[in-house]
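Which chain is which? The protein sequence lines are A and B, in order.
In this note's numbering, each number is its position in the first sequence, counted from 1, plus 646.
In this note's numbering, each number is its position in the second sequence, counted from 1, plus 6.
Built from N, CA and C at the ideal position, the CB exists for glycine as well.
Bear in mind that the values here come from a model prediction, so they are computed numbers and not experimental data.
Reviewing the structure listed below.
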Amino acid sequence: MAATARPATSPRDTAGSRAASTLAANRSGLAIGAAVVVLALVAYQWDGVQTTAITARTVREAAPLILAALCGLVGERSGVINIGIEGQMLLGAYSGFMAASYSGSLLVGVVAAVGVAALAGLFLAWAAVALRMDQIIAGTVINIVGAGATSFFYVAGRTMPRFPQWSIPGLEDLPLVGRTLFNHGPLTYTAAVMVLVIHVALFHTRWGLRTRAVGEHPGAADTVGVRIERLRYVNLTLAGGLSGLAGIALLQSAGAFDRGMTAGRGFIALAVMIFGRWRPTGVLGAALLFGLFNAVQAQLQFKQALDVPPQFFGMIPFILTIAVLAVAGVKARPPAAAGRPYDPE
Amino acid sequence: MTDGSEPTKGTPAETIAGATRSGPTVAPDGSPWLLEVRGLTKRFPGVVANDDVDLTLARGEILGLLGENGAGKSTLVKMLFGIHLPDEGTMWLNGTEIRPTGPGDAIALGIGMVHQHFQLVAPLTVAENIVLGAEPRKSRLFDRRGAERRVREISEQYGLEVEPSDTLGDLPVGIQQRVEILKALYRNAELLILDEPTAVLTPQETDELLAIMRDLAANGVGIIFITHKLREVLAVTDRVTVLRRGRSVGTVDTSSATTESLAELMVGRSVVLRVDKGDAAPGPVVLSVQNLEVRDDRRQTTVRGATFEVHAGEIVGIAGVEGNGQRELVEAITGIRPIHAGTVTIEGFTVHGHPRTVREHGVAYIPEDRERDGLVGNYSVADNLVLTEYHRPPYAGHGLRHTDAVGRLASELVEQFDVRTPSIDVAVSTLSGGNKQKVIVARELSEDKRLVVASQPTRGVDVGSIEFIHNQLVAARDRGSAVLLVSAELDEIFGLADRIAVIYEGRIVAVCDPATVSREDVGLLMAGGQPSEPVAAG
Chain A
647 MAATARPATS
657 PRDTAGSRAA
667 STLAANRSGL
677 AIGAAVVVLA
687 LVAYQWDGVQ
697 TTAITARTVR
707 EAAPLILAAL
717 CGLVGERSGV
727 INIGIEGQML
737 LGAYSGFMAA
747 SYSGSLLVGV
757 VAAVGVAALA
767 GLFLAWAAVA
777 LRMDQIIAGT
787 VINIVGAGAT
797 SFFYVAGRTM
807 PRFPQWSIPG
817 LEDLPLVGRT
827 LFNHGPLTYT
837 AAVMVLVIHV
847 ALFHTRWGLR
857 TRAVGEHPGA
867 ADTVGVRIER
877 LRYVNLTLAG
887 GLSGLAGIAL
897 LQSAGAFDRG
907 MTAGRGFIAL
917 AVMIFGRWRP
927 TGVLGAALLF
937 GLFNAVQAQL
947 QFKQALDVPP
957 QFFGMIPFIL
967 TIAVLAVAGV
977 KARPPAAAGR
987 PYDPE
Chain B
7 MTDGSEPTKG
17 TPAETIAGAT
27 RSGPTVAPDG
37 SPWLLEVRGL
47 TKRFPGVVAN
57 DDVDLTLARG
67 EILGLLGENG
77 AGKSTLVKML
87 FGIHLPDEGT
97 MWLNGTEIRP
107 TGPGDAIALG
117 IGMVHQHFQL
127 VAPLTVAENI
137 VLGAEPRKSR
147 LFDRRGAERR
157 VREISEQYGL
167 EVEPSDTLGD
177 LPVGIQQRVE
187 ILKALYRNAE
197 LLILDEPTAV
207 LTPQETDELL
217 AIMRDLAANG
227 VGIIFITHKL
237 REVLAVTDRV
247 TVLRRGRSVG
257 TVDTSSATTE
267 SLAELMVGRS
277 VVLRVDKGDA
287 APGPVVLSVQ
297 NLEVRDDRRQ
307 TTVRGATFEV
317 HAGEIVGIAG
327 VEGNGQRELV
337 EAITGIRPIH
347 AGTVTIEGFT
357 VHGHPRTVRE
367 HGVAYIPEDR
377 ERDGLVGNYS
387 VADNLVLTEY
397 HRPPYAGHGL
407 RHTDAVGRLA
417 SELVEQFDVR
427 TPSIDVAVST
437 LSGGNKQKVI
447 VARELSEDKR
457 LVVASQPTRG
467 VDVGSIEFIH
477 NQLVAARDRG
487 SAVLLVSAEL
497 DEIFGLADRI
507 AVIYEGRIVA
517 VCDPATVSRE
527 DVGLLMAGGQ
537 PSEPVAAG
């Protein structure tokens with residue numbers, strides 16, 4: 647039946663079209679990125695000091711968002727939605743702050759933050775995997791506990807050691823780029839490294855392949871002997887650690903813990919993850935965009951450039967979140983099994 | 007690699023009563039059987055799914071496993087694949103006793119299974135799907151190149167052509183199935199279980215698969231082939247084991263079997279495979295389709311100017327290779343899909359895309375995808391039986407449902423249409439495929455309708471149920487309904503239709519009389535060819 651017979655495979659064809667579609671998917675991101683760079687260069691000619699302040703702040707603001715969004719990504723890629731990032735960040739930031747404050751060591755603080763947030767991740771895994779609890783409810787529990795406990799045990803007036811400012815010799819003196827990229831606290835560099843680490847892990851390791859398979863079609867992974875429950879436990883615990891780092895990144899800019907200091911960043915991180923299409927590189931781009939808007943609004947408030955109440959500038963990140971979810975959400979395709987407990991039958 | 011120490015799904019491990027029986031036997035050539043199963047028994051609460059089942063399979067042999075829905079085929083292969091643990095009995099692989107306690111375990115033993123519903127991850131590539139769970143590594147990273155190379159090697163070795171770097175979700179069903187087979191071969195499967203592999207394939211893809219199976223067997227792989235289609239069993243197997251109500255009722259050499267003898271073994275009585283029907287007595291035109299154009303989900307026009315009529319009291323069979331617009335044609339007639347151009351009229355009523363209005367004009371619809379379009383899986387059998395009438399008296403009134411009336415109707419229909427269900431209150435999703443289809447047939451055909459639209463009415467249904475459903479369609483015709491039958495099975499078309507309309511690329515290219523036209527000519531028309539002699543229009 648020649649009319650309907652199709653060639654068994656059309657290798658070049660599909661490979662080519664896949665490359666094309668990947669390019670198309672990234673095209674809007676690349677276009678936005680290019681536009682921002684051009685804008686920054688033009689602005690730099692016009693007012694170098696302010697432009698550099700904004701670009702440096704963009705990167706600084708992006709760091710906690712990157713880490714928090716990667717937390718969401720690692721969980722959701724394996725099929726578990728984590729809306730408890732906000733609570734995990736608060737728990738991480740609080741524990742990190744208290745540990746650093748009492749011990750006088752930043753490293754102890756980081757370890758405490760990562761450990762406690764990882765425990766919160768482990769709780770989410772236990773609720774979502776072992777108890778098959780609704781994942782949204784389990785995440786909400788973490789948010790309530792995180793906000794409640796860290797407010798209740800909050801002690802005013804404590805201080806912690808300052809974070810160092812690491813600059814890369816030679817590179818930091820470059821105009822615009824030097825201050826923007828090569829003069830930051832350790833957590834900002836950590837965020838950048840984590841993007842690379844998670845990208846390589848997700849697309850170039852066994853763990854990553856299994857994570858993606860489990861997030862899409864756990865039944866298929868199960869029939870070839872991948873242990874779904876164990877993988878989800880591991881992923882959510884690791885992801886919890888990332889949210890702990892995100893909490894520490896908040897401390898790095900704020901200098902001390904404050905009640906509700908996350909200010910919705912745990913939720914904005916989910917928007918970053920969606921806008922970044924569940925890819926680490928996408929998360930990087932999306933977080934920088936959100937960071938840019940944050941930096942611009944902060945600079946506008948600081949300079950009082952316009953005669954508008956500062957609260958209106960403060961709204962910008964949230965309005966942006968809604969806009970991004972409305973636009974990107976239409977085309978977003980989350981991992982197919984996200985949010986559903988796995989039932990072998 | 008995989009790890010079989012995982013705790014079991016299903017029942018906990020217990021001692022096997024049958025294990026004390028004598029050891030494995032040998033194949034005719036003196037070597038141990040590739041697989042020998044003796045006295046396998048599996049009980050579920052209330053049913054004995056497998057009762058003392060025996061079978062043997064030699065290296066390089068293709069064994070057909072036949073049985074009606076619910077006869078215990080699935081339970082048997084699930085025990086082989088470690089999903090269920092047997093309560094009694096023994097399995098030997100190459101003369102060694104085995105007791106797989108999970109899929110990972112079975113895979114490690116060299117057992118591969120191609121599930122009826124593919125276990126594949128759409129966004130991953132072909133190679134990634136194949137190596138998942140047993141990935142090659144190179145300096146601690148996933149070795150994608152190595153995986154693709156290995157897949158290409160196996161694919162060449164067994165003649166299963168695939169491109170390893172393709173994204174799985176972009177591929178047609180037939181190729182996806184090859185990926186499933188390659189998954190098993192990549193894990194060095196010596197024993198391959200194919201669970202109703204042809205149910206989802208077009209006739210061409212089926213032919214390709216049967217050829218692949220022969221090649222695999224020639225390479226020494228033993229294959230257990232589960233299917234409902236007797237013709238395929240006869241075409242490709244060496245021997246056939248038949249299960250009936252959980253017992254193995256016999257194993258026969260395929261060379262000495264006929265469709266009739268196999269059907270009789272399966273059902274336990276002689277089955278009339280030829281539909282017994284008298285001549286049609288066509289009345290006035292009921293369904294009239296004129297220059298119909300319909301678009302599919304991707305906005306491609308797939309029905310392109312179809313024109314035909316169906317009279318009262320006749321069955322018109324639409325013959326065609328799947329994907330030539332049948333689905334869209336049927337959905338347009340039943341009001342589910344908007345009509346792009348042309349008209350569909352049912353006794354003067356012009357259809358314009360509203361399914362309930364169409365139904366109210368006396369149209370019954372047996373959809374192609376019963377799980378998706380025909381039933382609500384977690385509703386009870388009773389609720390599914392009133393799905394089209396639930397809002398009308400006597401089943402509802404004053405805004406309330408009258409469940410006693412629903413129950414009475416359901417009990418009556420279950421009886422009358424021989425739906426095998428523990429009760430009318432169980433979720434319909436728990437029934438076997440054939441019984442699900444009977445629920446739909448009971449709902450749609452219990453009352454006289456002007457028009458019956460039946461799309462693939464016996465797909466994935468066992469022989470006994472096929473006979474029943476065919477008789478119901480003929481009965482509807484004899485009561486004066488117009489019947490439109492769409493089927494990918496030429497046997498079904500020739501057995502039932504009073505006139506055959508051949509669809510090709512969205513057009514009706516010929517209407518013929520099944521008494522005078524040959525199968526070959528219809529096949530040629532389906533492929534877009536022209537028979538050498540003109541086909542008489544019916």
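Check: Does the beta carbon of A/G865 sit closer than 8 angstroms to a beta carbon anywhere in chain B?
Finding: By this cut-off, A/G865 is an interface position.
Item checked: Distance CB(B/H476)-CB(B/G501) smaller than 8 angstroms -> Yes, Cβ-Cβ distance for B/H476 and B/G501 is below 8 angstroms.
Check: Which partner residues of A/H830 appear in the DSSP bridge assignment?
Finding: Answer by DSSP bridge pairing, in chain order: A/W812.
Note to self: With the cut-off set at 8 angstroms, would you say A/G871 and B/G139 are in Cβ contact?
What the structure shows: It is a contact, given that the beta carbons lie within the stated cut-off.
Note to self: With a threshold of 7 angstroms on Cβ separation, who are the neighbours of A/A670 within its own chain once the five nearest residues in sequence on each side are excluded?
What the structure shows: Low local confidence applies: a pLDDT of 49 at A/A670 is under 50, so the model's placement there is unreliable, with the coordinate-based value given in what follows. Nothing meets the Cβ criterion.
Margin query: Does A/P955 pass the burial test, meaning 16 or more other C-beta atoms within 10 Å, or should it be called exposed?
Written below: Exposed is the call here.
Checklist line | Residues bridged to B/L406 [DSSP beta-bridge criterion] | finding: Among the bridge pairs identified by DSSP, B/L406 is matched with B/G403.
Check: Mapping DSSP to helix, strand and coil, what is B/S145?
Finding: Coil, per DSSP.
Item checked: CB contact below 8 angstroms: A/H850 versus chain B -> By this cut-off, A/H850 is an interface position.
Margin query: If you follow the beta strand (DSSP E) that B/T265 is in, where does it begin and where does it stop?
Written below: Per DSSP, B/T265 lies in no beta strand (DSSP E); the unbroken alpha helix (DSSP H) holding it starts and ends at 265-273.
Check: B/R253 by DSSP, collapsed to three states: which one?
Finding: In the structure shown, the three-state DSSP call for B/R253 is strand.
Notebook entry, point to check: Along the region 911-933 of chain A, what residues have a CB closer than 7 angstroms to any CB found in chain B?
Noted result: So the list is empty, because no residue satisfies the distance condition.
Margin query: Quick check on B/F148 - is its C-beta less than 8 angstroms from some C-beta in chain A?
Written below: Closer than 8 angstroms: yes.
Checklist line | Nonlocal neighbours in the same chain, by C-beta distance under 8 angstroms from A/L842, ignoring five residues either side | finding: Once the five neighbours on either side are set aside, the close Cβ partners of A/L842 are P926.
Check: With respect to 7 angstroms, is the separation between the Cβ of A/D693 and the closest non-hydrogen atom of the ligand SAM below this value?
Finding: For the structure depicted, the ligand SAM is absent and the ligand set is empty, with no information on it obtainable.
Next item on the list: Run down chain A in chain order and give the residues with a C-beta less than 7 angstroms from the C-beta of B/E134.
Entry: Within chain A, the residues near B/E134 are L855.
Checklist line | Below-8 angstroms beta-carbon distance, B/P109 vs any chain A residue | finding: Interface residue, yes.
Margin query: For A/F959, which residues in the same chain have their Cβ closer than 8 angstroms to its Cβ, ignoring the five residues on either side in sequence?
Written below: In chain order, Q943, A944, L946, Q947 place their CB closer than 8 angstroms to the CB of A/F959, counting only its own chain and leaving out the 5 sequence neighbours on each side.
Checklist line | Backbone CA spacing between B/T427 and B/L437 [nearest angstrom] | finding: CA-CA distance, B/T427 to B/L437, rounds to 7 angstroms.
Next item on the list: Work out the CA separation of B/K442 and B/T522 for me, nearest whole Å.
Entry: Going from the Cα of B/T522 to the Cα of B/K442 covers about 36 angstroms.
Notebook entry, point to check: Taking the alpha-carbon positions, what's the A/A892 to A/I968 distance?
Noted result: Taking the Cα positions, A/A892 is about 22 angstroms away from A/I968.
Checklist line | Where A/V802 falls, given that 16 or more other Cβ within 10 Å makes a residue buried | finding: It should be noted that the sequence gives Ala, not Val, for residue 802 of chain A. With fewer than 16 Cβ atoms within 10 Å of its Cβ, A/A802 is classed as exposed.
Notebook entry, point to check: Just how far apart, CA to CA, sit B/Y510 and B/V295?
Noted result: Looking at the two C-alpha atoms, the distance is approximately 16 angstroms.
Margin query: Can you tell me where the beta strand (DSSP E) holding B/D60 begins and where it ends?
Written below: That run of the beta strand (DSSP E) goes 53-63.
Notebook entry, point to check: Does any C-beta atom of chain A lie closer than 8 angstroms to the C-beta of B/S524?
Noted result: B/S524 has a beta carbon lying at 8 angstroms or more from every beta carbon in chain A.
Note to self: Report the start-end ranges of each beta strand (DSSP E) in the region 366-399 of chain B that is 3 residues or longer and not cut off at the edges.
What the structure shows: DSSP runs (the beta strand (DSSP E)) wholly in the region 366-399 of chain B: 369-372.
Margin query: B/L298 and B/V309 - do their beta-carbons sit closer together than 8 angstroms?
Written below: A contact, by the Cβ cut-off of 8 angstroms.
Check: When the Cα atoms are used, what is the spatial distance from B/R155 to B/P142?
Finding: Rounded to whole angstroms, B/R155 to B/P142 spans 11 angstroms at the Cα level.
Item checked: Strand pairing of B/P293, partner residues [DSSP] -> According to the sequence displayed, residue 293 of chain B carries Leu and not Pro. Looking at the DSSP assignment, B/L293 forms a beta bridge with B/V316, B/I352.
Margin query: Considering just the uninterrupted stretch of the beta strand (DSSP E) at B/G359, what are its terminal residues?
Written below: First-last for B/G359: undefined, no H or E at that position.
Notebook entry, point to check: Is it the case that the Cβ atoms of A/A837 and A/L935 are separated by a distance below 8 angstroms?
Noted result: Their beta carbons are not under 8 angstroms apart, which means A/A837 does not touch A/L935 by this criterion.
Notebook entry, point to check: Can you round the beta-carbon distance between B/A205 and B/L198 to whole angstroms, since I take them to be within the 8 angstroms contact cut?
Noted result: Contact between B/A205 and B/L198 fails: their C-beta atoms lie close to 17 angstroms from each other, not under 8 angstroms.
Checklist line | Own chain, CB closer than 8 angstroms to B/Y396, minus 5 neighbours either side, in chain order | finding: Residues D389, A402, R407, V412 of the same chain have their beta carbon placed closer than 8 angstroms to that of B/Y396, with the five preceding and five following residues left out of the count.
Notebook entry, point to check: In chain B, which residues lie with their C-beta within 9 angstroms of the C-beta of A/R858?
Noted result: Within 9 angstroms Cβ-Cβ: V127, P129, L130, E134.
Item checked: Cutoff 8 angstroms: A/G871 Cβ touching any chain B Cβ -> Yes - at least one Cβ of chain B is within 8 angstroms of the one on A/G871.
Next item on the list: Show which residues of chain A have a CB atom less than 8 angstroms away from the CB atom of B/L138.
Entry: Residues of chain A whose Cβ lies closer than 8 angstroms to the Cβ of B/L138 are, in chain order, L855, R856, A859, A866, A867, V870, V872.
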